[in-house]
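First residue of the sequence shown? That's 10 in our numbering, and the numbers climb one at a time after it. As C-alpha cells, the structure follows; a few thoughts come after it.
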Amino acid sequence: MAASSKATAFLALAAFVVVLMAAGEASAAVTCGQVGSSLAPCIPYATGKSATLSQGCCSGMKSLNAMARTSADRQAVCRCLKSLAGSVKSVDLGVVAGAPAKCGISVPFPISMSTDCNKVN
10 MAASSKATAF LALAAFVVVL MAAGEASAAV TCGQVGSSLA PCIPYATGKS
60 ATLSQGCCSG MKSLNAMART SADRQAVCRC LKSLAGSVKS VDLGVVAGAP
110 AKCGISVPFP ISMSTDCNKV N
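This is the structure in C-alpha cells:
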C-alpha cells in the first residue's frame, strides 16, 4: 500500500504538469482513479527506486495529457495530484519536476505544490 501511495503522489505531480499544458473548455471528466492509473508506472522513478523513467511512465503522462482537455479537467487533475503528493513523504519533487521534459512533454511553468489549482487553465 505504501508503494501505491508513493506512486499516486508522483503521478499526481507529473499529471499536474501535463494537465496544465492543455487548453480547453470547462467540464471535468478526469477522475483521481484515472490519474493514479496513468501515473502508476512512474512510482519507482519518483521515489528513487529507479534511475530511469520507464516507457510506461512516459506513456501514462502522455495519455493523461490527452485526457485533460478542458480547464475543469486540468483543475481536477491538479487537485488530485496535490492531494496524493501531500500524503507521501518519499517522493522527490525535484525528480518529478523534470520527468515531463524527459518524456518529451513541454511544460512552460514550474511544477510546485504551491500552484493554485483554481488558476489552472
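Note that the Cβ used here is the ideal one computed from N, Cα and C, for glycine as well. All values reported here derive from a predicted model rather than from experimental measurement.
- Unbroken alpha helix (DSSP H) stretches of 4 residues or longer found wholly inside the stretch 49-102: 52-55, 64-76 and 80-95, given in chain order.
- If you draw a straight line from the Cα of cysteine 51 to the Cα of alanine 94, it comes to about 13 Å.
- With contacts defined by Cβ atoms closer than 7 Å, valine 44 and cysteine 112 do not form a contacting pair.
- DSSP, reduced to helix, strand and coil, places valine 39 outside both helices and strands of the structure shown, so it counts as coil.
- Taking C-alpha positions only, glutamine 64 is separated from valine 86 by approximately 21 Å.
- Rounded to the nearest whole angstrom, the CA to CA distance from lysine 71 to isoleucine 114 is 8 Å.
- With a threshold of 16 other beta carbon atoms within 10 Å, alanine 38 falls short and is exposed.
- In the same chain as valine 129, and ignoring 5 residues on each side of it, the C-beta atoms closer than 6 Å to its own belong to Leu29, Arg83, Gln84 and Cys87, in chain order.
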